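Taking it in order: structure first as structure tokens, then the write-up.
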């Protein structure tokens with residue numbers, strides 16, 4: 001029997017995406033499947049924790065997907081991989097900039113063309129627009145999206161806005177103020193990602209990756225709040241318009257750019273604390289009055305893996 005190979009492509013700034021991806025591929029390695037790992041890295045690494053203004057200044061480029069120059073990627077032999085796993089975090093409702101750069105590169109075409117791909121996203125609470133962008137890029141590269149796994153911070157949105165911002169700017173994930181929970185994914189969430197690896201071992205043994213159907217259905221791979229998804233779509237439109245304006249104002253490092261992003265930050269905080277919660281409640285009420293529409297919208301956004309749990313007893317007892 002020919003030993004199968006899986007390619008893991010990832011970018012992780014905080015280490016969270018790395019931890020998730022390692023948990024997923026651990027059962028594959030234990031089963032004798034060869035896992036080639038490529039850590040996508042910008043030539044000029046992004047700082048962590050972020051300096052405040054540096055974090056704000058990349059906003060326009062992040063939204064528009066204008067990524068940095070990457071370190072050279074050494075191909076481990078793309079033709080031999082039965083499956084590709086692409087793991088990434090979300091920046092400003094878009095895929096992290098190194099991932100954006102990679103998906104626009106010739107190396108992406110060489111590694112992904114004709115391959116079945118599973119995407120894994122880690123986010124504060126919104127990931128739909130980022131994943132739609134990645135899915136569109138994968139399609140353009142000739143890859144086939146088999147599954148999608150989405151992991152989000154379990155705390156309420158306003159809480160995660162505070163804790164995530166503190167984590168990003170100070171590097172302190174724990175010991176949050178006011179007794180707030182730790183930032184990021186819970187340890188139990190990461191640990192439970194093993195179920196995806198176990199299911200992939202079974203699927204690869206049966207050559208199911210060649211069939212074109214989702215391999216991770218029934219494992220609670222992703223969950224979409226349809227009301228939150230609507231807010232995200234509206235938010236991304238605002239992000240995109242402001243990103244165009246801020247890039248016209250001046251380049252990164254300029255006083256004009258810094259002043260512009262500070263002004264937008266004040267507007268954004270005001271919206272998050274006032275208008276966003278109100279509109280979110282109103283949308284939830286609207287969806288409650290039209291549950292069939294809400295379920296259809298949710299199911300469409302959760303494709304291809306869905307949010308079913310029927311296989312959980314088998315792989316996550």
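Residue numbers (the UniProt record's numbering): 1 to 317. Just so it is clear, CB atoms sit at the ideal spot from N, CA and C, and this is done for glycine as well. In this text, all values refer to a predicted model and were calculated from it rather than measured experimentally.
Within 10 Å of its beta-carbon, does residue i have 16 or more other beta-carbons around it, so buried, or fewer, so exposed?
i, result
"residue 248", "exposed"
"residue 273", "exposed"
"residue 281", "exposed"
"residue 302", "buried"
"residue 184", "buried"
"residue 234", "exposed"
"residue 5", "buried"
"residue 205", "exposed"
"residue 255", "exposed"
"residue 320", "Because the chain here runs from 1 to 317, residue 320 falls outside it and cannot be looked at."
"residue 314", "exposed"
"residue 27", "buried"
"residue 155", "buried"
"residue 241", "exposed"
"residue 270", "exposed"
"residue 58", "buried"
"residue 53", "exposed"
Alpha carbon to alpha carbon, what distance is there between residue j and residue i?
i, j, result
"residue 207", "residue 146", "13 Å"
"residue 216", "residue 3", "22 Å"
"residue 168", "residue 117", "29 Å"
"residue 9", "residue 189", "21 Å"
"residue 49", "residue 171", "5 Å"
"residue 260", "residue 246", "6 Å"
"residue 103", "residue 134", "8 Å"
"residue 143", "residue 94", "20 Å"
"residue 296", "residue 290", "10 Å"
"residue 131", "residue 90", "9 Å"
"residue 67", "residue 100", "6 Å"
"residue 127", "residue 268", "18 Å"
"residue 258", "residue 83", "43 Å"
"residue 197", "residue 232", "30 Å"
"residue 72", "residue 45", "13 Å"
"residue 165", "residue 203", "39 Å"
"residue 55", "residue 92", "10 Å"
"residue 106", "residue 37", "18 Å"
"residue 251", "residue 287", "42 Å"
"residue 149", "residue 224", "11 Å"
"residue 43", "residue 136", "25 Å"
"residue 124", "residue 293", "26 Å"
"residue 173", "residue 151", "17 Å"
"residue 300", "residue 279", "22 Å"
"residue 277", "residue 175", "26 Å"
"residue 210", "residue 35", "18 Å"
"residue 29", "residue 157", "36 Å"
Which one of the options has the shortest CA to CA distance from residue i?
i, options, result
"residue 178", "162, 167, 309", "162"
"residue 226", "238, 284, 198, 245", "284"
"residue 243", "229, 231, 228, 262", "262"
"residue 264", "119, 60, 279", "60"
"residue 31", "96, 194, 67, 138", "194"
"residue 19", "122, 201, 316, 255", "122"
"residue 75", "83, 69, 94, 108", "108"
"residue 21", "81, 139, 192", "192"
"residue 23", "187, 306, 101", "187"
"residue 97", "62, 110, 120, 82", "62"
"residue 221", "114, 316, 293", "316"
"residue 13", "39, 35, 6", "39"
"residue 112", "56, 86, 125, 129", "86"
"residue 308", "11, 214, 56", "214"
"residue 114", "92, 80, 238, 124", "80"
"residue 15", "88, 240, 27", "88"
"residue 311", "271, 239, 237, 218", "218"
"residue 141", "151, 110, 158, 298", "110"
"residue 51", "253, 201, 292, 139", "253"
"residue 65", "239, 304, 279, 157", "239"
"residue 159", "151, 139, 182, 137", "182"
"residue 139", "157, 119, 151, 152", "119"
"residue 333", "57, 153, 199, 201", "One cannot answer for residue 333 here, as it falls past the ends of the chain, which runs 1 to 317."
"residue 201", "11, 33, 7, 17", "33"
"residue 212", "304, 176, 69, 41", "304"
Would you list the one or two residues that DSSP bridges to residue i?
i, result
"residue 148", "119"
"residue 39", "10"
"residue 91", "94"
"residue 81", "5"
"residue 86", "9, 119"
"residue 34", "5"
Those runs of the alpha helix (DSSP H) which lie wholly inside the stretch 43-70 and span at least 4 residues: Qualifying alpha helix (DSSP H) stretches, in chain order: 52-57, 59-64.
Extract the residue ranges of the alpha helix (DSSP H) inside the stretch 230-303, only unbroken runs of 4 or more that lie entirely within it. Within the stretch 230-303, the complete alpha helix (DSSP H) segments of 4 residues or longer fall at 255-273, 275-289, 291-301, listed in chain order.
Every unbroken beta strand (DSSP E) inside the stretch 201-232 [3 residues or more]: Listed in chain order, there is nothing to give.
May I have a chain-ordered list of the alpha helix (DSSP H) segments no shorter than 4 residues that lie completely inside the stretch 166-192? 187-192, all fully within the stretch 166-192.
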